[in-house]
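Quick note, the sequences are listed as chains A and B, same order. Numbering of the first sequence is given in the numbering used here, commencing with residue 678 and proceeding in unit increments. Numbering of the second sequence is given in the numbering used here, commencing with residue 1196 and proceeding in unit increments. Ideal Cβ placement from N, Cα and C applies to all residues, glycine included. The structure displayed is predicted, hence computed values, not measured ones.
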Amino acid sequence: MGRYVLRRLLQLIPVFIGTTFIIYCLVWALPGDPFAGRCGDRPCPPAYIAEMTEKYNLNDPVYVQYFKYLWQLLQGDFGDTYSGLAVNELVGNAYPITIRLAIVALVIEAVIGIGAGILAGLRGRGFLDSLVFMSTLFLISLPVFVTGFVLQVLLGTEWGLIRPSVSSQATWGELIVPGLVLGSLSMAYVSRLMRTSMIENKRADYVRTATAKGLHPRRVVGVHLLRNSMIPVITFLGTDLGALMGGAIVTEGIFNIRGIGGLIYDAVLTKEGTTVTGIVTLLVLVYLLMNLLVDLLYAVLDPRIRYA
Amino acid sequence: MRKRRLTACVAVPLAVGLLASGCGGGGSATEEGFISVNSTEPENPLVPANTTETGGGNVVDAMFTGLVGYDPETSEPYNEVAESIDTQDNKVFTIKLKPGWTFHDGSPVTANSFVKAWNYAAYAPNGQSTTSFFEQIQGYRDVSPADPDGDTGPQEPPQPTAQEMSGLRAVDDSTISVTLDAPFATWPTMLGYTAFSPMPESFFADPEAFEEHPVGNGPFKFESRQPNTDIKLVTNDQYAGQNKPQIRGVEFRIYNELETAYQDLVSGNLDFVDQVPPSALVGNKWRTDLQDRVVDKEMLSNNALQLPLYDPKLKDPRVRHALSMAIDRKQITDTVFEGSYLPATGWVPSGPIKGYEAGGCGQYCEYNPQEAKKLLDEAGGFNGPLTITSNADGGHKEWVEAICNQLNTNLGVQCAFNPVPTFAEFLKMHDENAHTGPFRFGWLGDYPAAETFLGKIYRTGASSNYMRYSSPEFDAAMSRADQAPSEEEGLRLYREAENILAKDMPSIPLWNQKAQSGYSDRISDVHVSFDRKLDLELVKLNP
């Protein structure tokens, strides 16, 4: 087990180097001058271009640039943006907010999604099942920006129940509606996954055995059925947390949440190479760690799973 | 069982580690006495000499006051730090400073604060983005030598031979003497632009510390900044300018989506939005939402189609006139832009420039399909298809297609939109003379003068002359206008130069942008300047 974790952590190193190298090349080795559009329709003074080119080592070959960047990264420095701000600081400000948003979304999708899935799975082919089926279909077919705008305009501007945008503090309360919007799509998937998994396992031998032993139905469902049915759902939720961190671009844009999604969106638009590479590197790390966490959780749910 | 506990021991700290950083945060809603305005994240450090875009410009403008300011309604320049700006020949200027101006750190604003700041901005190795604003001053080429093979050539520009411009000198603490290369009557009007701001000694001692906490001489002092979230400024009680701010401070709130800023404005969480989003313009929704709390006036920005004169298809001026006359500008500004642009009648947006006469383009910018068809037939028709090029990352498809439809209907020209993926690639085409048809051109004036819409774009070899237009007649007319003895005479002569453009038609003026801003019921006395900024010195909070 300890060795398994160690091996997984060691595997992070080549993955980390590989991904950062690819990202770095994608961002900086693109044709075109990254500073060309920075002075509007007026051409930038050559002195300004020369200064910026020097600052970001753009005269070096790409791999030399990359190793300079990697060396900086290993010292914990993500570099500076064009406006002279440390990317560390930007990320330090934005990450807590995004994590909070992702947790709100994850809790909402887990509670509502799993709950709806269990109900639908236990009853099966009834009114409740059809209701869950219809409402998840509805959620899946709605794009996030539609749900976001409708809720923002209705709850915020029309009825005045919430602020249309989230303040710079981004308190838990303010994040409930954006979290609901962000989590809505995955919520639908979670409930469908849960339902299918439940229906499959209902016919499993161990459930029949447990029932035959005369266990109370609540115990059969709660301990035996649920725990095994949770495995695919946990896998989904785990990787989804990674997706929520990076994929909140639309939601963060609509509600003006100053998190990672908005930061990376802006950085891509303004061609802030250092910010893009820095954040994507962090997202890669989050994905890798979440995957590790999910793998470890399997053993908690199903003792038959062993690590070698 | 033992194994499972071990798993939990690993999994739990991992989860906690990922989640723990989710706590914390800071900032607050708009404070008492403060007003909040929408903004974007500054693209460069908050240094006036390195700020050319709106996000940083908003903040830098509030923190610095230059030699002159501009009247928010008429755009007429008036003296701020300058006591007087005197000249005999529009070539040598003597600027006297008013006493009593200080920086936010208490140090006095002297002639040297300006001279050092301008020399710093012009000196090429400092790499400031506003360098070229100082090009009229004598000795500019010594501190910022021209690149012998052009900006894109492989050769590095030569090293500067001087650190300071020879034409710029502090005579004493309150007098600056400036000598230009050639007479230039518009020059004093430029001085209100942020690049000409004074800088305190502390900046030259440690520019990086300054970037952390900028120190200006303007109506507002730097208070705090949370990158990508907000920038807060508080009122400077020692401000020596003409208008003392009536508010306690201002918060620039950073929005990614104009739409969200607008929703915040409508529901009372934000006090000012500089530009209403297109969705709110549809059916005049913004006027219903905001009632009389709107500003709707022409600003110092226009759009044109530049014509690559190196393209043989566009060589004949009659073809260029025909294209221009076949475009129904009014129809497009009304339908595609929902009235947020006004049809152009010349190359200079005359609304925000005091005393400038509109209509420099004359009949050639009036919609006249019959005449257009006649001109094109006289010129022998148009061979082959016509493409209109623009960057596709800025939402230009609709109006380009509208123009193409009109050209097709009125002239029978096969016209198509030619999108270039990014703005940077589009600019690269300019440099390489790679255009094969008309291309989009937008210009935002930095200071309210006709010269900035003519000289920087249409003079032979001018920095934004991507058409490669070269007319000795126009150049001579511009030189005459630059050297005009009086302001009125100058305006008349610039207008004359504009008439030469109408004759040659190197570009097709399309429309001038309007500033369409909205504000909350918390504030009054709202004035929006020619560059679409809220005048923070005049705005008041309602009791």
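| Check | Outcome |
| --- | --- |
| Beta-carbon proximity check, Leu1731 (chain B) vs Ala1257 (chain B), cutoff 8 Å | yes |
| Contact under 8 Å by Cβ, Gly1534 (chain B) with Gly1555 (chain B) | no |
| Residues that DSSP places opposite Arg840 (chain A) in a beta bridge | For Arg840 (chain A), which the question treats as bridged, DSSP gives no partner whatsoever. |
| Ile776 (chain A): CB within 7 Å of a non-hydrogen atom of the ligand SAH | Absent from the structure shown: the ligand SAH. Ligands present: none. |
| Proximal residues of chain A, C-beta to C-beta of Glu1406 (chain B) below 7 Å | Gly761 |
| Near-chain A residues of the region 1365-1382 of chain B - C-beta to any C-beta below 7 Å | none |
| Expected contact under 8 Å - CB spacing of Phe693 (chain A) and Val961 (chain A) to nearest Å | 7 Å |
| Extent of the continuous beta strand (DSSP E) run through Ser1419 (chain B) | Phe1415 to Gln1421 |
| 3-residue-minimum beta strand (DSSP E) runs that sit fully inside the region 1496-1583 of chain B, ordered along the chain | 1536-1538 |
| Beta-carbon proximity check, Tyr1714 (chain B) vs Met1385 (chain B), cutoff 8 Å | no |
| Helix, strand or coil at Asn1438 (chain B) [DSSP, three-state] | coil |
| Beta-bridge partners of Ala763 (chain A), as assigned by DSSP | A:Asp757 |
| Collapsed DSSP secondary structure at Cys716 (chain A) in the structure displayed | helix |
| N- and C-terminal bounds of the beta strand (DSSP E) containing Leu1363 (chain B) | Leu1363 to Asp1367 |
| Which listed residue (B:Asp1529, B:Phe1725, B:Leu1688 and B:Val1723) has its alpha carbon closest to that of Val1477 (chain B) | B:Asp1529 |
| Within 8 Å, strictly: CB atoms of Met1394 (chain B) and Lys1508 (chain B) | no |
| Alpha-carbon to alpha-carbon, Val1608 (chain B) and Cys1560 (chain B) | 19 Å |
| Residue ranges of each alpha helix (DSSP H) within the region 746-820 of chain A, 4 or longer | 764-800 and 804-818 |
| is_contact[Lys1623 (chain B), chain A] using C-beta, thresh 8 Å | yes |
| Buried versus exposed call for Ser1279 (chain B) [16 or more other C-beta atoms within 10 Å across all chains shown] | exposed |
| Candidates B:Glu1271, B:Ala1697, B:Asp1491 and B:Ser1369, of which the one nearest Gly1557 (chain B) by Cα | B:Ala1697 |
| For Leu1502 (chain B) and Ile1703 (chain B), believed in contact at Cβ under 8 Å, the rounded distance | 7 Å |
| Alpha carbon of Lys1709 (chain B) to alpha carbon of Met922 (chain A), nearest angstrom | 39 Å |
| Proximal chain B residues relative to Ile931 (chain A), where beta-carbon distance stays under 8 Å | Glu1452, Glu1454 and Thr1455 |
| Any chain A beta carbon closer than 8 Å to Gly1656 (chain B) | no |
| Per-residue contacts from Asn770 (chain A) into chain B (C-beta, under 8 Å) | Gln1421, Pro1422, Asn1423 and Thr1424 |
| For Asp1484 (chain B), the three-state DSSP class (helix, strand or coil) | helix |
| Buried versus exposed call for Pro1680 (chain B) [16 or more other C-beta atoms within 10 Å across all chains shown] | exposed |
| Rounded separation between Gly679 (chain A) and Pro980 (chain A) - CA only | 17 Å |
| One or two residues paired with Gly1637 (chain B) in a DSSP bridge | B:Asn1498 |
| Beta carbon proximity, Asp1459 (chain B) to chain D, threshold 8 Å | Structure shown: chain D not included; protein chains present are A and B. |
| Opposing strand residues paired with Ile1290 (chain B) [DSSP bridges] | B:Ile1280 and B:Ile1371 |
| Secondary structure of Glu1446 (chain B), DSSP reduced to three states | strand |
| Which of helix, strand or coil DSSP assigns to Thr1356 (chain B) | coil |
| Reference Glu1271 (chain B), options B:Phe1447, B:Tyr1388 and B:Thr1305, closest by Cα | B:Tyr1388 |
| Residue nearest to Lys1549 (chain B) in terms of C-alpha spacing, selected from B:Cys1599, B:Tyr1265 and B:Leu1241 | B:Tyr1265 |
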